[in-house]
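The block underneath contains the structure these notes are about, expressed in structure tokens.
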Amino acid sequence: RKTDISYLFSEEERHLRANDRPFNLSYRYANNAIKTSKYNIFTFLPLNLFEQFRRLANAYFLFLFCLQLIPQVSSLSWFTTAVPLILVLGITAVKDANDDINRHRTDKQVNNRRVDVLVDGQLRNEKWMNVQVGDIIKLENNQFVTADLLLLSSSEPLNLVYVETAELDGSVSDYSVYLSSGEVRCEPPNNRLDKFKGTLTLDQQVSSLDNDKVLLRGCTLRNTEWCFGLVVFGGPDTKLMQNSGKTVFKRTSIDHLMNVLVLCIFGFLATMCTILAIGNAIWEVKEGSVFTAFLPRENGIDASLSSFLTFWSYVIVLNTVVPISLYVSVEIIRLGNSFYIDWDRKMYYPKSDTPAQARTTTLNEELGQIKYIFSDKTGTLTQNIMTFNRCSIKGKAYGDFCFLFSLQKTDKVDFSWNQLADPKFVFHDHSLLETVKDGNPEAQTFFRLLALCHTVMPEEKTEGELVYQAQSPDEGALVTAARNFGFVFRSRTPETITIMENGRKVVYELVAVLDFNNVRKRMSVIVRSPDGRITLFCKGADTIIYERLHPSCSKLMEVTTKHLNEYAGDGLRTLVLAYKDLDESYLGEWRQRHHEAVTSIEDREERLDEVYEEIEKDMMLLGATAVEDKLQDGVPQTIEQLAKADIKIWVLTGDKQETAENIGYSCNMLREEMKDIFIVAANTAEGVREELQQKLLNNSCTCLWGGFLIIPGSFHLQAFALEKNMQLELLRTACMCQTVICCRVTPLQKAQVVQLVKKYKQAVTLAIGDGANDVSMIKAAHIGVGISGQEGMQAVLSSDFSFAQFRYLQRLLLVHGRWSYLRMCKFLQYFFYKNFTFTFVHFWYAFFCGFSAQTVYDEWFITCYNLVYTALPVLGLSLFDQDVNDRWSSRHPQLYSPGQLNLYFNKKIFVRCMMHSCYSSLILFFIPWAAIHDTVRDDGKDIADYQSFALLAQTCLLVVVSIQLCLDTHYWTAVNQFFVWGSLAAYFAVTFTMYSNGMFFIFTSAFPFVGTARNSLNQPNMWLTIFLASLLCILPVVAFRFILIQLRPTINDKVRHKVRKEALPAPPPRRPPPRRISTRRSGYAFSHAQGYGDLVTSKGFLRPLKSRPALFIQKDSALAQNEPQHYRTISEEPEGSMSP
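Numbering (UniProt numbering), first residue to last: 1 to 1140.
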């Protein structure tokens, strides 16, 4: 029973006490068990059947089965509907059971993990599922973090903990966490990874808690003997599970079309049954009395009642117009095509042993209809590996050598003289090293700045083995470059930075850190050298630094600007470096103003900006750096091919405008011929609206504007996505552009952009990313693709398809997607054709049997037609057919366009199938009817009986639909051959068996067609009738297709004709990315985050130099994104304080 104390606090607040289970259980917080399964052994059958009968088709056939149990209505045996329905339900149930068993195994594996829980002062080994909120747990090395924890203590000095959070927030961050135990009040469960609010009450003292003191479920403890933590959120309440989001069941456009068509078929069926019921009423009035002598019914039967019963009888007879095996066949086809993706060796990445994976089997054909691709940048288009490539020092450029002679083998710079050099660092320009060794003061100041101006944390595992933990990959690359050129960053304390300058240890006093933020776009440090010289070192965006340089640097600015243009033209991420010497008296006054700004309560950020601006002026230009964020292999070629397929690619990235723009040029998204660049620059919603309206007005006369749109910041996207009155203006402007880049977007805004396009463009969208910040976008799009990279697995776990490299997207769409869509469309066309043809014959026969609901075919043929005789051939077509092979599909991306336009299957194609079926059914009824009317055998005996006509009609039908399938098949395999000819052979074998004397004697009532096959099919006129009916059905189709190819050939026809003419195999498409040589664009891309200057100067931040930090490396989490790294603060408390 819930105690009264649970009502004292709002549901918006979580209240818990450490190691006090009775108190915490009174709130009924969720335990740490996780459940993703849907059924158990008792609920599976009723729940699964309930879900299956929610499908309209299954409910419809259940209704038919009930009708067939009424003798006055049904002219067919119950098994004609029961057997197919049971098979369909059974196959689906087996598939669902297998899926849920796998979910149960996963849940059990996670919930049964063991952890030590502190109970009454002793450690008790418990399952994860039994851990409760408020428990204190002990984690040991290599253990997964059980739940969301407040860290109490660890085995490391100062309770320092290193946490790599790539699985949670996409960053590789250094967290230092310490917390004592006590009573905690905090926010309720939520999905905000970067925020946590709460208070800790200990010894009647209240302390605030923030995100710096939380360890999230999904991390793995590394290099730490043990740590203790207090469980705050467990199981479904953890931020990991809260961020999993609600999985939306995705349906393809063909699914939606099929639902519409099935409803139309129901209406058409009702119309046919109504016509035949009216016909029955008329026939009863005019002709019914004539047949009372031999019909088992009373005289004077009411015509209206007969008509009513006949309506439902024909609903049963004509039920095949709604194919019961349609949905099962579709699922089998999708499953088979998904296996092709899993088995594709050309989408296997050997370096990480990662194959492509179709994580869903319901969206394959949607891959062939993509119109918009929304892509993340870092880790998706790029490798997220930064390398120092070029630099400019006092007007002289270094590193050009490796670009000018990149195709030749050049000697690498030998750094063996430097024992602390990073062996992985590669540089080719020897002149730079010689300049540094010669003691050039500008070069030495250049690398000294790189070694001092940063927030990197070093870790020296063994003597000389340095590992840099950088909060941005840019900083890591720059500090590593300084390290190799003789300026080695060794260690830091809150007051000092120690570097090795050409083998000499130098300790600099760290006076101040002027932190980075998105507005400043720069970072500075003020240091005092051992000789007392005070220097401000600054690095940042070129446009920002140039505004703060001394006028004497004007000539150097021109030369450096030229170098920056070249670097930006090659897609490199650039920074400008500057410095300024300070005198002691001015620094003392400035520090006082800085202290006042830091300690101010109101307008703290504004006052700090003013103080920073005061000192960061009249600086001396030193040079510039160029760092390469390497593209993944094949990205430019892939984007080029996708563009040729008329697929529009939007980049939604958290990076800055300059970074995204330069990568856009590198990967061929942006090109020199795109002269018109539209950058949204307004800072108000009204200003943004005016800019969009003006651009629309200027380009109203063209349907496609040849420029590109850049949306630089999250504010603009908020204005677009959140204000409904601006959505259409954004979309119209964006869709006029060849390329759209959205910068500095949040995960939510990524999803909003995708939803905006889905809502108004009615186009199929695909989102691709590799981090947890891409999860919302991946779930919002029609198709979600996850790249398994360096940022964890959450994007993959939330995706529909996954692989290791962006370049595989080309094959996924242009080959597998196009084939899947083509096969599915062929399947639907043929499936509806054969079923309508089958059903229409019944309709025509009704006019010759007194509208008595008599069937044309044998009951066993009706039962086996869709499940046995025609099932395998159409599956063979749907699993193996291809118009051209994979090389030609990739070589001719224009083949992809028909899928985007829904040309292969739509309502028009469906009506054409009905008309074709109507024509074929007329031939298949009247030709056998005419051929058998008043006909005798060659021995003079009459064969004009119902059984012989039924056999002839059903044989003609099966032969015609088989020939039609052969005409639709472009790619024959041994399996196709076996399915087609094997099904025909099976038909004749089954027919002769069922119509034999033996079956009649065993089951007399079930097999009334005894001897019909033997007596009829040995007559030449029967086979001539089959040939004539087949010829009349197929010849118009062949003639129509021939004329169409001659007069209006499709792109498929043209490519197939080219394939037949060319004997040589198609070479893979290759186009090197163009190098831009003009039009300066800023390459500023310093991916830093705000707030780290304060942290690195915090006295509680750093451990003793000889201590080794504990490292959390998160691996099994389902979350990942690409955000900057974060440091966390600790308190210097005695080790081991964990008791409440």
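Every residue gets a Cβ at the ideal spot worked out from N, C-alpha and C, and that includes glycine.
In whole angstroms, give me the CA-to-CA distance for residue i and residue j.
i	j	result
residue 1143	residue 563	The shown model of the chain, from 1 to 1140, leaves out residue 1143, and the question about it has no answer.
residue 445	residue 551	20 Å
residue 541	residue 761	37 Å
residue 87	residue 36	28 Å
residue 118	residue 26	20 Å
residue 830	residue 234	53 Å
residue 879	residue 130	47 Å
residue 18	residue 241	23 Å
residue 670	residue 1029	59 Å
residue 282	residue 757	56 Å
residue 901	residue 370	10 Å
residue 915	residue 364	29 Å
residue 1115	residue 796	Here the model assigns residue 1115 a pLDDT of 38, short of 50, so the residue's position is not dependable and the matter cannot be decided.
residue 200	residue 759	46 Å
residue 574	residue 642	29 Å
residue 352	residue 345	14 Å
residue 1141	residue 1037	Residue numbering for the chain in the displayed model covers 1 to 1140; residue 1141 lies beyond these limits and cannot be assessed.
residue 979	residue 877	9 Å
Would you identify the three-state DSSP class for residue i, choosing helix, strand or coil?
i	result
residue 161	Note that residue 161 scores a pLDDT of 47, beneath 50, so its modelled location is shaky and nothing firm can be said.
residue 546	helix
residue 928	helix
residue 93	helix
residue 487	strand
residue 17	strand
residue 125	strand
residue 457	strand
residue 1184	Given a span of 1 to 1140 for the chain in the structure shown, any question on residue 1184 remains unanswerable.
residue 143	coil
residue 906	coil
residue 1048	coil
residue 650	strand
residue 383	strand
residue 523	strand
residue 539	strand
In the DSSP output, what is residue i paired with across the bridge?
i	result
residue 370	764
residue 397	392
residue 137	117 and 229
residue 499	489 and 506
residue 237	Paired residues: none, contrary to the question.
residue 354	349
residue 148	233
Compare the Cα-Cα distances from residue i to each of the options and report the closest residue.
i	options	result
residue 873	966, 453 and 629	966
residue 342	50, 647, 800 and 613	800
residue 738	322, 646, 820 and 825	646
residue 453	465, 331 and 516	516
residue 1155	863, 883 and 597	No statement about residue 1155 is possible, as the shown extent of the chain runs from 1 to 1140 and does not include it.
residue 525	531, 510, 806 and 150	510
residue 278	255, 258 and 305	305
residue 379	953, 769, 890 and 1015	769
residue 441	394, 28 and 731	394
residue 987	333, 99, 45 and 860	860
residue 367	818, 895 and 443	818
Assuming residue i and residue j are in contact, meaning their beta carbons sit under 8 Å apart, how far apart are those beta carbons, in whole angstroms?
i	j	result
residue 260	residue 322	Actually they are not in contact, since the Cβ atoms of residue 260 and residue 322 sit about 13 Å apart, beyond 8 Å.
residue 214	residue 134	The Cβ separation is near 15 Å, so there is no contact.
residue 115	residue 137	5 Å
residue 14	residue 187	7 Å
residue 522	residue 497	With 8 Å as the limit, residue 522 and residue 497 do not qualify as a contact, their Cβ atoms being about 19 Å apart.
residue 560	residue 624	6 Å
Is residue i close to chain B, meaning its C-beta is less than 9 Å from at least one C-beta of that chain?
i	result
residue 19	Reference to chain B is not applicable here, since this structure consists of a single protein chain.
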